[in-house]
Amino acid sequence: MTNTETALKEAVAIEGAVGAALVDYTSGMALGTIGGGKDFDLNVAAAGNTDVVRAKVRTMEHLGLKDEIEDILITLGGQYHLIRLLKNRSGAGLFLYLALQKDRANLAMARHQLKRIEDSLEV
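In my numbering, the protein residues as written are 387 to 509.
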């Protein structure tokens, strides 16, 4: 099992990664961050993406969809932003957030690696 710090280090080691965070979407607080910078505040990203997750969960409820969100992809001109909702018991209400440089990232591989990190993460 992997702790939060190790999981975030593994996430930011994914090819093209700019930064990563583990976020509690009930509060919008980042439980841990790595990477980012003065022009990319991961705490602001964590809070903002909490609204994205809440909106999607609420929409699924209104539609009566009985499925689970695996991940949410936001594609920007130069970046991918991946939001991976944690499904294990210890990760309920949490998501992994990963920002990637589009020109250096392999999106399919990044999704695969985030799933592997999720599977080993113990919060």
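Positions of the beta carbon are idealized from the N, C-alpha and C atoms, including for glycine.
Of the listed residues the options, nearest to residue i (C-alpha basis)
i: Arg-497; options: Lys-473, Leu-451 and Leu-468; result: Leu-468
i: Ala-488; options: Ala-403, Leu-471 and His-448; result: The residue asked about is misnamed: residue 488 is Lys in this sequence, not Ala. Among Ala-403, Leu-471 and His-448, the Cα nearest to that of Lys-488 is on Ala-403.
i: Ile-420; options: Asp-410, Val-438, Val-430 and Ala-397; result: Ala-397
i: Leu-472; options: Arg-444, Val-509, Gly-464 and Ala-432; result: Val-509
i: Leu-480; options: Glu-504, Leu-486, Ile-460 and Leu-459; result: Glu-504
i: Gly-464; options: Asp-457, Glu-454, Ala-485 and Glu-456; result: Ala-485
Coil, strand or helix - residue i by DSSP
i: Gly-414; result: coil
i: Ala-485; result: strand
8 Å Cβ cutoff met for residue i and residue j
i: Leu-362; j: Ala-406; result: Because the chain in this structure spans residues 387 to 509, residue 362 falls outside the shown range and cannot be described.
i: Arg-470; j: Leu-500; result: yes
i: Ala-431; j: Leu-408; result: no
i: Val-439; j: Tyr-411; result: yes
i: Leu-417; j: Thr-436; result: no
i: Glu-401; j: Ala-491; result: yes
i: Ala-433; j: Gly-414; result: yes
Chain B within 8 Å of residue i, Cβ atoms only
i: Thr-445; result: You won't find chain B in this structure, because it holds only one protein chain.
3 or more residues per run - each beta strand (DSSP E) lying fully within the stretch 390-474 = 403-410, 415-421, 457-461 and 465-471
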